[in-house]
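Report on the following structure.
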Amino acid sequence: MPIVALSTETTDWVSRFADEVIEESERRAPGKPVVVASGLSPSGPIHLGNLREVMTPHLVADEIRRRGHQVRHLISWDDYDRFRKVPQGIDGVDGSWAEHIGKPLTSVPAPLGSAYPNWAEHFKAAMVGSLAELGVEFDGISQTAQYTSGVYREQVLHAMRHRGDIDAILDQYRTKRAPAKKQQKPLDEAELEAAEGSGAAAEDDGSSGSAGYFPYKPYCGNCEKDLTTVTSYVDDTTELSYTCTACGFAETVRLNEFNRGKLVWKVDWPMRWAYEGVVFEPSGVDHSSPGSSFQVGGQIVGIFGGKQPIGPMYAFVGISGMAKMSSSKGGVPTAADALKIMEPQLLRWLYARRRPNQSFKIAFDQEIQRLYDEWDKLDAKVAEGTALPADAAAHARAVGTAAGELPRTARPLPYRTLASVADITAGHEDQALRILSELDPEHPLGSLGEARPRYDRAEAWINTHVPADQRTIVRGEPDAELLKSLDEPSRQSLRLLLDGLASHWSLDGLSHLVYGVPKVQAGFSADAGPKELPPEIKTAQRTFFALLYHLLVGRDTGPRLPTLLLAVGQDRVRTLLGD
Numbered sequence: 006m007p008i009v010a011l012s013t014e015t016t017d018w019v020s021r022f023a024d025e026v027i028e029e030s031e032r033r034a035p036g037k038p039v040v041v042a043s044g045l046s047p048s049g050p051i052h053l054g055n056l057r058e059v060m061t062p063h064l065v066a067d068e069i070r071r072r073g074h075q076v077r078h079l080i081s082w083d084d085y086d087r088f089r090k091v092p093q094g095i096d097g098v099d100g101s102w103a104e105h106i107g108k109p110l111t112s113v114p115a116p117l118g119s120a121y122p123n124w125a126e127h128f129k130a131a132m133v134g135s136l137a138e139l140g141v142e143f144d145g146i147s148q149t150a151q152y153t154s155g156v157y158r159e160q161v162l163h164a165m166r167h168r169g170d171i172d173a174i175l176d177q178y179r180t181k182r183a184p185a186k187k188q189q190k191p192l193d194e195a196e197l198e199a200a201e202g203s204g205a206a207a208e209d210d211g212s213s214g215s216a217g218y219f220p221y222k223p224y225c226g227n228c229e230k231d232l233t234t235v236t237s238y239v240d241d242t243t244e245l246s247y248t249c250t251a252c253g254f255a256e257t258v259r260l261n262e263f264n265r266g267k268l269v270w271k272v273d274w275p276m277r278w279a280y281e282g283v284v285f286e287p288s289g290v291d292h293s294s295p296g297s298s299f300q301v302g303g304q305i306v307g308i309f310g311g312k313q314p315i316g317p318m319y320a321f322v323g324i325s326g327m328a329k330m331s332s333s334k335g336g337v338p339t340a341a342d343a344l345k346i347m348e349p350q351l352l353r354w355l356y357a358r359r360r361p362n363q364s365f366k367i368a369f370d371q372e373i374q375r376l377y378d379e380w381d382k383l384d385a386k387v388a389e390g391t392a393l394p395a396d397a398a399a400h401a402r403a404v405g406t407a408a409g410e411l412p413r414t415a416r417p418l419p420y421r422t423l424a425s426v427a428d429i430t431a432g433h434e435d436q437a438l439r440i441l442s443e444l445d446p447e448h449p450l451g452s453l454g455e456a457r458p459r460y461d462r463a464e465a466w467i468n469t470h471v472p473a474d475q476r477t478i479v480r481g482e483p484d485a486e487l488l489k490s491l492d493e494p495s496r497q498s499l500r501l502l503l504d505g506l507a508s509h510w511s512l513d514g515l516s517h518l519v520y521g522v523p524k525v526q527a528g529f530s531a532d533a534g535p536k537e538l539p540p541e542i543k544t545a546q547r548t549f550f551a552l553l554y555h556l557l558v559g560r561d562t563g564p565r566l567p568t569l570l571l572a573v574g575q576d577r578v579r580t581l582l583g584d
């Protein structure tokens, strides 16, 4: 069922941008669909920093759809970019992919074992799958298809006719250096690369050579590489001559019928703004400096009869628990990686709740449990109607789109609990169902499917991101030596726990029991609140918990004790605690 527009009282950043984009679109192209855009280069794994390039316009486009307007979200696949370098961890033993540097991404063989016809399609496919899971609706445009079929022929010829004007704009920045900006923290090469929306942005601008300035670069007719130099161009006949510095090949072609080349990046991008009528497109932090492709494009777009899109500069997306993102380094986390350990709603929420110019981190470590706790609290507040307007708006944008709600877990049990159960049961689904059913005996799970897909995400996180030495292995036999060495107060604490097991066998009941034992031992009621208790009680509770962990799993920490006790089962708990 379609989701209606959010309240006009909503104060989130998405609504504010939607207001501006609708107004600007009506001014530029009244009565036509609103056009927003993203650009992605499938030069390697498309990481979570690049995902912000898509999610920012997606959220704005979706809000515009909710209001009943027609909107197109274009994703330009920059698959006609040159292959710049081989990402770490992907190349074969013989370094064979290095020989393809300089070719279009669609002319480079796919990584070994891929089912796709070329490098670009391989990395594009993973992103397309993730975007479908995230509910992102878009129109994909292959720049290889656009250029090689001659779609941009008139634009290419126009750029060549006006190459002097383009050169003059670019020349304003060639001798300038950006003033040093104060940074809150130093930015390393990996971060700068992670912020780049397209691998093409690092390309040259077609700077003037001995034969003059040319904004067009052919791919060589012999070796397919772009290591070419245009030596002459005749406007009247469109005859273009070039030589290849890689293989020595040279030829003369007619540009009005030649489709094996492309405009240099700083001309290509604004040409597309004009051609597609783009009204909104975000850009990475690198585009804020003088001479950047976004700023220069704002002047060049006029040569093509268009206007620069409005749109924010977006900040870095960091990673908690994995190395910094960089498309040129191995182990770069992608949207697919994140969706293996978290539901689409949580990933959408992380991008929706922060303004584009605010950086944030996506957790692959223990922090994911806290993020899920925060999400579940927000979910409860929204259900109760007590969430703040901006928080409620971010939640609404996370759980669905204008087309309807995303599939969700029927019984969204706490992620940390599911992770603990998956950890302890090590893939035994019948044991997992038993434990999860005992969390709330009055409302037991009918099947593990009710806890999915969240359970599967938590299990994947345990299996792929928790080090082996942090996994939970329940003791096979009681620690007889430790049990024998216990003093009388410790024995009494175990007795109080064992006496209450049967009557407290649920998640809430066991929570009350394990926290209550030290209170009772100290002469207080198990129901006594923090204000009624002396500070020593907290120390006594920590000591008691450490004892239980040692007796159950041989460490002084582990999963939350109520979950651990349920997982171990009453009979085995009694055996391990010396009953």
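Take the sequence shown: its letters are residues 6 to 584, numbered as in the numbering used here.
Using N, Cα and C, we set each Cβ at its ideal position, and we do this for glycine too.
Among the options, which one has its Cα closest to the Cα of residue i?
i	options	result
Asp-83	Ile-467, Gly-44, His-74, Gly-316	Gly-44
Asp-67	His-52, Leu-582, Ser-20	Ser-20
Asn-362	Pro-38, Ala-42, Glu-58, Ser-46	Glu-58
Val-290	Ala-551, Leu-569, Asn-55	Asn-55
Arg-402	Tyr-224, Leu-351, Ala-385	Leu-351
Ala-572	Ala-431, Glu-482, Val-522, Leu-502	Ala-431
Ala-507	Glu-447, Asp-492, Ser-530, Arg-579	Arg-579
Ala-34	Tyr-280, Asp-240, Arg-421, Pro-446	Tyr-280
Val-258	Val-235, Glu-244, Val-269	Glu-244
Arg-168	Phe-309, Gln-436, Phe-549, Gly-118	Phe-309
Tyr-356	Glu-537, Pro-62, Asp-231, Ser-101	Pro-62
Asp-370	Ile-346, Glu-389, Gly-326	Gly-326
Regarding residue i and the ligand PLP, is the C-beta to nearest heavy atom distance less than 7 Å?
i	result
Asp-170	With respect to small molecules bound, the structure shown includes none, and the ligand PLP cannot be examined in it.
To which residues of the same chain is residue i closer than 6 Å at the C-beta, ignoring the five residues directly before and after it?
i	result
Leu-518	Gly-505, His-509
Phe-22	Val-65
Thr-233	Pro-223, Cys-225, Tyr-247, Cys-249
Arg-421	Gln-374
Which residues share a DSSP beta bridge with residue i?
i	result
Trp-102	Answer by DSSP bridge pairing: none, since Trp-102 is not bridged.
Cys-228	Bridge partners of Cys-228: none, in fact.
Asp-17	Paired residue(s): none; Asp-17 is not in a bridge.
Trp-82	Leu-45, Ser-147
Cys-249	Thr-233
Ser-325	Ala-368
Leu-268	Tyr-221
Thr-339	His-52
Val-113	Answer is none; Val-113 lacks a bridge partner.
Our contact map puts residue i next to residue j with C-beta atoms below 8 Å; I'd like the distance itself, whole angstroms only.
i	j	result
Asn-227	Tyr-152	19 Å between Cβ atoms; not a contact.
Ala-415	Glu-455	5 Å
Phe-642	Val-26	As displayed, the chain neither begins before 6 nor continues past 584, which places residue 642 out of reach and without an answer.
Glu-31	His-78	Not quite, the Cβ-Cβ distance comes to about 18 Å (not below 8 Å), so this is no contact.
Ala-397	Ser-364	Incorrect: roughly 23 Å between the Cβ atoms, too far for contact.
Val-426	Thr-568	7 Å
Trp-278	Gly-302	7 Å
Ile-324	Pro-314	Between Pro-314 and Ile-324 the Cβ distance is about 29 Å, and since that is not below 8 Å, they are no contact.
Glu-174	Gln-304	Strictly speaking, residue 174 in this sequence is Ile, with Glu absent from that position. Their Cβ separation, rounded to whole angstroms, is 5 Å, which keeps Ile-174 and Gln-304 in contact under 8 Å.
Gln-526	Pro-494	7 Å
His-127	Ala-115	4 Å
Tyr-218	Val-161	Rounded, the Cβ-Cβ distance is 15 Å, inconsistent with contact.
Leu-411	Gly-140	5 Å
So, at 7 Å on beta carbons, what are the nonlocal neighbours of residue i in its own chain, with the 5 sequence-adjacent residues on each side left out?
i	result
Ala-130	Tyr-121
Ala-237	Note that residue 237 is Ser in the sequence shown, not Ala. The answer, listed in chain order, is Ala-216, Ser-246.
Ala-392	Leu-383, Lys-386, His-400
Leu-553	Leu-566
Pro-38	Gln-75, Val-76, Arg-77
Pro-446	Ser-511
Lys-536	none
What did DSSP end up calling residue i once you bin it into helix, strand or coil?
i	result
His-163	helix
Ile-174	helix
Ile-51	coil
Pro-394	helix
Met-318	strand
Arg-375	helix
Ala-255	strand
Glu-25	helix
Arg-77	strand
Thr-242	coil
Below 8 Å CB to CB, which residues in the same chain sit around residue i once its five sequence neighbours on both sides are set aside?
i	result
Ile-467	Ala-424, Ala-427, Asp-428, Arg-476
Arg-480	Leu-556, Leu-557, Val-558, Gly-559, Leu-581
Asn-261	Arg-158, Leu-162, Thr-243
Asn-123	Leu-110, Thr-111, Ser-112, Val-113, Pro-114, Ala-115
Pro-47	Trp-82, Asp-83, Asp-84, Leu-110, Trp-124, Ala-125, Glu-126, His-127, Phe-128, Lys-129, Met-132
Report yes or no: is there a C-beta of chain B within less than 8 Å of the C-beta of residue i?
i	result
Ala-399	This model lacks chain B altogether; it includes just one protein chain.
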